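> Plus 1 on top of the position in the sequence shown (first one is 1) and you've got this note's numbering.
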Amino acid sequence: MSKIRVLVVDDSVVIRRLVTDVLAADERIEVVGTAVNGVAALTKMEQLKPDLVTMDIEMPEMDGIATLGEMRKRGIRLPVVMFSTLTERGAQATLQALELGASDYVTKPANVGSVQASMAAVREELIPKVVALVGRRRSTPAVPRPGIFGPAGTSREDAARSRATQPGSGSPLHGTHSAHPALPGQAASAHAGEHALLGRTPAAPVVRAGAAAGRSRIDVLAIGVSTGGPEALTRVLEGLPADLPVPVVVVQHMPPVFTKAFADRLDQKVPLHVRESAGGERVAPGTVDLAPGDYHLRLRRNGDVVTTVLDQAAPENYCRPAVDVLFRSVTETWGAEHVLAVVLTGMGSDGALGTVGIHAGGGSVLVQDEATCVVWGMPGAVLSAGVPADVLPLPAIAPAIVDRVRQHRPLLPSRTSSTPSSSLTAPSGHAGSPRTTLTSGVLS
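(1) Is the CB-CB distance between V33 and P51 below 8 Å?
(2) Locate the alpha helix (DSSP H) running through S330, then write down its first and last residues.
(3) Closest by CA to A94, which one among G358, L43, V226 and F263?
(4) Determine, using beta-carbon pairs with one atom in the segment 320 to 339 and one in the segment 362 to 374, whether at least three such pairs fall under 8 Å.
(5) Using the Cβ count rule (16 or more neighbours within 10 Å means buried), how would you classify T88?
(6) If you reduce the DSSP assignment to three classes, tell me which class D227 lands in.
(7) Throw me the rounded Cβ distance for the A223 and V250 pair, which I believe falls under 8 Å.
(8) What residue range does the beta strand (DSSP E) around G384 cover?
(9) Straight-line CA distance for V20 to M255?
(10) DSSP three-state call for G91: helix, strand or coil?
(11) Return the CA-CA distance between A427 and P129, expressed in angstroms with no decimal places.
(12) By Cβ distance, which residues of its chain are closer than 7 Å to Q97, with the 5 residues on each side in sequence left out?
(13) Taking DSSP as the reference, what is the three-state secondary structure of H409?
(14) Keeping to the same chain, check which residues put their C-beta closer than 6 Å to that of A36; ignore five residues upstream and five downstream.
(15) Compute the distance between the beta-carbons of D325 and G355, then report whether it is under 8 Å.
(16) Going by DSSP in three states, H360 sits in which element: helix, strand or coil?
(17) Can you tell which of S115, V82, T55 and T309 has the C-alpha that lies nearest to the C-alpha of R283?
(18) Is it true that the segment 229 to 241 meets the segment 59 to 77, where meeting means three or more beta-carbon pairs spaced less than 8 Å apart?
(19) CA-CA distance, H409 and R216?
(20) State the DSSP-derived secondary structure class of S278, mapped to helix, strand or coil.
(21) What does DSSP give as the partner residues of Y106 in its beta bridges?
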């Protein structure tokens with residue numbers, strides 16, 4: 002296979018050199034050029050035809066955000082990995098970049114004075130993403146996609162209509178811990194995990210919807226997602242009603258600061274109430290608890306009350322928060338037969354072992370299909386682990402969740418029933434978008 006051609010864009014000569022040296026040291030990658038700002042980068046994209054671009058956010062003359070907008074206007078469809086600072090401002094700018102079509106991001110090293118440490122940090126996070134994103138692009142035809150929340154100047158309804166006509170590709174976002182462990186059964190070393198990730202997972206057969214339907218009432222929805230998560234998770238949550246009668250708990254691989262910014266943005270965009278968990282909150286129907294960066298999210302039951310618990314136990318699958326930790330906890334708290342687990346786009350295999358336990362205990366598992374994933378590592382790992390999950394395209398996942406939650410729940414009559422159901426609403430005082438509700442089992 003030909004080398005991956007990368008264009009490095011950054012106004013800092015130190016960062017340009019660091020990134021170039023890291024990439025060039027990998028025999029699979031060739032740095033074909035560098036640029037100091039967006040204006041120069043756009044010219045070099047046309048001239049050099051790179052496979053992928055790494056880009057700073059803050060640059061003179063034309064910054065990274067403006068460059069992404071111009072790429073969109075010109076129809077330049079390349080994977081773009083943004084370089085971001087681990088600050089609130091950096092988090093907001095990165096999320097904006099992802100909305101505009103950036104594929105992923107890495108955080109800049111905190112101390113560029115320590116060259117070896119900086120190179121190691123960038124190498125660990127950047128190389129797997131470059132290889133995975135370009136491998137995905139080479140094996141799958143590029144599909145135009147809107148931003149996560151729709152282009153600037155469009156209404157939320159317009160954006161939703163646009164999304165309904167597009168296969169969901171997704172905007173990756175990945176945390177400070179590289180999620181590239183080996184698949185179940187492989188040696189659990191960082192080296193083996195990286196090789197497992199960087200190889201292309203064979204396409205798995207699509208399981209007919211309903212194959213993994215559980216036998217008991219669903220009492221909790223648990224979602225795990227990594228690279229490609231912001232767009233994929235947004236689309237799923239947009240399709241769920243405000244009166245969803247079960248709590249939702251989510252692990253999105255993302256560093257501190259970023260999870261709070263992401264939760265706040267989601268809270269203004271989707272029907273459900275979304276919050277970054279602070280630990281100790283009571284989980285509730287119609288509310289999404291998002292694990293904060295660098296903390297595992299677990300649940301604790303005291304009678305009928307279930308609350309969130311955060312800890313900084315050792316990373317699992319090289320991740321903290323880890324999806325497997327969450328999936329084990331919901332299984333212990335509600336019983337596997339009452340869990341609906343959803344695994345969306347992402348690198349590595351985090352969540353696969355958790356779904357094995359959920360399925361074995363009679364629970365339900367849905368995974369995003371390969372065609373609509375940015376990286377099919379995590380969903381593919383579920384199937385590789387032998388779990389007979391329902392494999393669905395991104396637009397079909399929210400309706401499948403609603404249908405599955407409605408089963409064995411007398412307050413949610415079938416879609417053909419004319420009897421309205423009682424509603425469970427999001428917590429009062431929430432100042433988000435107008436809330437979708439579930440009436441007679443139908444989204445309204």
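Ideal Cβ placement from N, Cα and C applies to all residues, glycine included.
Note that this is a predicted model, so its numbers are computed, not measured.
With the structure as the only source:
(1) yes
(2) V324 to W335
(3) The option with the nearest alpha carbon to A94 is F263.
(4) yes
(5) exposed
(6) Here residue 227 is Ser; the residue named in the question, Asp, does not match the sequence. Correct three-state label for S227: coil.
(7) V250 and A223 do touch by the CB rule: their CB atoms are close to 5 Å apart, below 8 Å.
(8) In the sequence as displayed, the identity of residue 384 is Leu instead of Gly. That residue, L384, is in no beta strand (DSSP E); its alpha helix (DSSP H) goes G378 to S385.
(9) 21 Å
(10) helix
(11) With a pLDDT of only 34 at A427, under the threshold of 50, the placement of this residue in the model should not be trusted; the figure read from the coordinates follows. When rounded, the separation of the alpha-carbon atoms in A427 and P129 is 39 Å.
(12) I66
(13) coil
(14) V10, A42 and K45.
(15) In contact: D325 and G355 (Cβ atoms closer than 8 Å).
(16) Of the three classes helix, strand and coil, the one that applies to H360 here is helix, per DSSP.
(17) T309
(18) no
(19) 9 Å
(20) If DSSP states are grouped into helix, strand and coil, S278 belongs with coil.
(21) M83
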